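Numbering (my numbering), first residue to last: 12 to 402. A virtual CB, placed ideally from N, CA and C, is assigned to each residue, including glycine. Since this is a predicted model, take the numbers as computed values, not measurements.
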């Protein structure tokens, strides 16, 4: 075979033979005829496909997204790659970076003996750090503006239009900073590390027993301000609606139910939803000494989900303190159609108050209740549930 013929055939093969240098390809293709080279090229393409599938399943099945422009750009690139996007099944969206997500009770000591500051209220155009003194403060300001001005929601909508996501979970800061090695794929994390020299979920103040401050977004509505988790939840729910994405599982962190305005309009988009996990926090209208009234529209929308089978409800704060939220008024509104499993987290509610509310929900087969009940109360609740056909 002439050198020109070998070079021509090598050009056919070089793009598909394990990214080997051109000179290396020439060394061995000269011993092969055209059919052998084409067969080798086909084999290498097949190997590339198998390797890419394995790689994508390992690293892209679960993706964490930060509220930064770079993170959303990477997500858009993934959504536009036909080879990778079909492997993306779970999206975990972080509410914030370089800060703590605290409740609105003023300064209080958490279970980890960390003092949580009173939440700051940001006006419409106000940045968390007006006079930045560090790269992480600049990055935090950019992240807040990126979400608040709608760019995050628009880019997320564009990405969801090309992805077939089964599950979306929204994470507050407390969940994000508890990750253990090895870390999952967090889009945009390495860019923040290079820019600031600090992990976006590192909280050095916590080592000294004091957590950093968080904030809420001001609202023109009478209902009051919106905390970060609720604001992000609304943004994501709107993106789901605009993209037409059909979900099987949705997990929402501590939210103000009276401010979660997007959920009641999503019955059609969430018609395929089978699993819903929700932690209910103080509503904006509540004070630190009274519990909020449940939003009927919010729970009516849950009742109208035709395929909902698994429901997990909790309240925050988990331990009884002034202003603790009780789930009893919320449970009285729940009448889902096809619920099979109910998991109640920390409720600050005695067992005898729960059973009358649970008896009407006879369609589900699995019931789990976790709280700070004593052993006697747990046994009593189990005995009562067994008499009401719960398994």
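Item                                                                                                                                                                  : Value
Looking only at its chain, what residues have a beta carbon closer than 6 Å to the beta carbon of residue 246, apart from the 5 residues adjacent to it on each side? : 164
Does the distance from the CB of residue 287 to the CB of residue 318 come in under 8 Å?                                                                              : no
Measure the C-alpha to C-alpha separation of residue 384 and residue 348 and round it to an integer number of angstroms.                                              : Per-residue confidence for residue 384 stands at a pLDDT of 47, beneath the threshold of 50, marking its modelled position as unreliable; the derived number appears in the next sentence. Roughly 29 Å between the two C-alpha positions.
Look at the alpha carbon of residue 345 and the alpha carbon of residue 354, and state the distance between them as a whole number of angstroms.                      : 13 Å
Within the continuous alpha helix (DSSP H) that includes residue 93, where are the two ends?                                                                          : 93-96
Just the Cα atoms here: how many angstroms apart are residue 250 and residue 209?                                                                                     : 30 Å
Whose C-beta lies closer than 8 Å to the C-beta of residue 95 among residues of the same chain, with five residues either side of it excluded?                        : 63, 67, 71 and 89
In three-state terms, what does DSSP make of residue 252?                                                                                                             : helix
Using the rule of at least 16 other Cβ atoms within 10 Å of the residue's Cβ for burial, across every protein chain shown, is residue 114 buried or exposed?          : Its pLDDT being 37, under 50, residue 114 is placed unreliably in this model, and the value from its coordinates should be taken loosely. Answer is buried; the Cβ neighbour count reaches 16.
Can you name, in chain order, every residue of its own chain whose Cβ lies under 7 Å from the Cβ of residue 147, other than the five neighbours on each side?         : 109, 207 and 209
Which first and last residues belong to the beta strand (DSSP E) in which residue 264 is found?                                                                       : 260-266
From 107, 171, 54 and 102, pick the residue whose C-alpha is nearest to that of residue 195; which is it?                                                             : 102
Just how far apart, CA to CA, sit residue 343 and residue 310?                                                                                                        : 10 Å
If you measure between the beta carbons of residue 106 and residue 198, is that distance less than 8 Å?                                                               : no
Measuring CA to CA, which of 258, 256, 166 and 265 is closest to residue 76?                                                                                          : 166
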